[in-house]
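My numbering applies: residue 964 is where the sequence shown begins, and numbers increase by one. Every residue gets a Cβ at the ideal spot worked out from N, C-alpha and C, and that includes glycine.
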Amino acid sequence: MSTEHRQAGTDSTQSSTLAESLGAGSNYMPMCGLDAALAAASKRAIQYEVQMKDLEAKLSEDLSNSRAIDNLLREVVQGLQQTQRRSTAALTSTVPYITHALQDDLMALEELEVQIPEVGRQVRHICNVYDRGRDKAQELVDSLEWLNTPIPLRLRTIIFTPNAPVSGRWKALIRFLFALTFLACMWVAWITLRGAIRAHRQRLIWGNQLMS
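What follows is the structure, encoded as C-alpha cells:
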C-alpha cells in the first residue's frame, strides 16, 4: 500500500511538473485541461486499486472464515450422523433386547407372585413340623431323665410336686395310695403307741403290787 501511494505521488509530481512546463508558454494553454483530467483519472485509478486491494484482503479473510465455518459444519454434520447411526443401532438392537428382557422379568415376577403364597404355606408347615419335633424331642429327653431318676425321688416328685411327667390318673392313684399308706402307718403307730402306754401302765401297776 505505501509503495502504491509513493508511485501515485511520483505520478502526480510528474504531472504537475509537466503542467508547469506546459503552462510556461502560452502555446500550451489548451493542454492544461487534458493534464488535469489525466491527473484526476490517475488519482481515481489509484484509489480504485487501493479499494480493490482492500476488498481482496476482506474477501480473503471472509473466505478463510467461511472455510473454517465449513469445517466446523462438516464436523457437526459428522457428529450428528454418528449419533444418528448409534441411535438407529440402539433402536434396532438394544431396545428390542431390553424389551425382551423386561418381558422375561415380568413373566418371572408373575410366576413368583403365584409361587410365593405356596412357598409361604410350605415354610409355615415346616416351622410347625419343626416345633412339634422339638417339643417331642424335649418330651423324650424329659422322659429319659425321668426314667433315670431313682424310684424314691420319682415318688416324692409325683406326690409333693406338680412337675412330674406322668398323667393325672397316675398322680391321683399314687397320691391316693400314699394317703392310704400314711393313714395305715399312722393307725399302726397309734395302736403301737397306745399298746406301749397301756403296757407301761400295767407295768407300773404290777410293780406297785409286787413292792407291796
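Ile1137 and Ile1121 closer than 8 Å at C-beta: yes
Pop quiz: Pro1128 and Trp1109 are said to be a contact at Cβ under 8 Å. What is the actual Cβ separation, rounded to whole angstroms? 5 Å
Quick check: the Cα distance between Ala999 and Met1015, rounded to an integer number of angstroms? Straight through space, the alpha carbons of Met1015 and Ala999 are spaced by roughly 24 Å.
From Gln1165 to Ala1152, what does the alpha carbon distance come to, in whole angstroms? 20 Å
My output table needs one value for Gln1129: the three-state DSSP class, helix, strand or coil. Reading off the sequence, residue 1129 comes out as Val, not Gln. Three-state result, Val1129: coil.
Please report how far the alpha carbon of Met1070 lies from the alpha carbon of Thr1062, in whole angstroms. 12 Å
If we ignore side chains and look at the alpha-carbon of each, how far apart do Ile1032 and Ser1023 end up? 14 Å
Tell me which residue opens and which closes the alpha helix (DSSP H) that Asn1034 is part of. That run of the alpha helix (DSSP H) goes 995 to 1052.
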